[in-house]
Amino acid sequence: MDAAAFAQEFRQLIEAYRERCLWFCPGDCCPTDREARLRILDAIERYGDREAFRQTRRLRRWLLQNSSAPSAGS
Numbered sequence: 001m002d003a004a005a006f007a008q009e010f011r012q013l014i015e016a017y018r019e020r021c022l023w024f025c026p027g028d029c030c031p032t033d034r035e036a037r038l039r040i041l042d043a044i045e046r047y048g049d050r051e052a053f054r055q056t057r058r059l060r061r062w063l064l065q066n067s068s069a070p071s072a073g074s
C-alpha cells in the first residue's frame with residue numbers, strides 16, 4: 001500500500017463509521033497528521049464492529065511502519 005492508497009482507505013473508513021464511532025467529530029473531519037489519524041483509528045477500533053477492528057489494525061500497522069521509516073535512517 002502506498003500513501004495515496006492509505007489516504008483513500010482512511011477516508012473510506014471514516015465515512016463508513018462516522019455516525020457510529022465519530023459522532024463527536026466535525027462532519028468534515030479527515031485528519032492528515034499522524035497523531036490525529038491514530039486518535040481516529042482508536043475511536044473506530046473502540047466503538048466499531050469486528051470489521052472496523054480488522055481495518056483499523058491494518059491501517060495503524062501501515063501508518064506506524066511508514067511514519068517511523070525515515071527516522072530509522074537518521
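Heads up: the sequence shown runs through residues 1 to 74, numbered per this note's numbering.
Each residue gets a CB set at the ideal place from its N, CA and C atoms; glycine is no exception.
#### Entry: N- and C-terminal bounds of the alpha helix (DSSP H) containing residue 42
34-47
### Message
Since residue 54 and residue 41 should fall inside the 8 Å C-beta cutoff, what is the C-beta to C-beta distance between them, to a whole number of angstroms?
### Response
With 8 Å as the limit, residue 54 and residue 41 do not qualify as a contact, their Cβ atoms being about 12 Å apart.
### Query
Under a Cβ-count criterion, where at least 16 other Cβ atoms within 10 Å of its own Cβ denotes burial, should residue 29 be classed as buried or exposed?
exposed
### Helix, strand or coil at residue 10 [DSSP, three-state]
helix
### Message
Using C-beta distances below 6 Å, list every residue in its chain close to residue 13, excluding the 5 sequence neighbours before and after it, in chain order.
### Response
55
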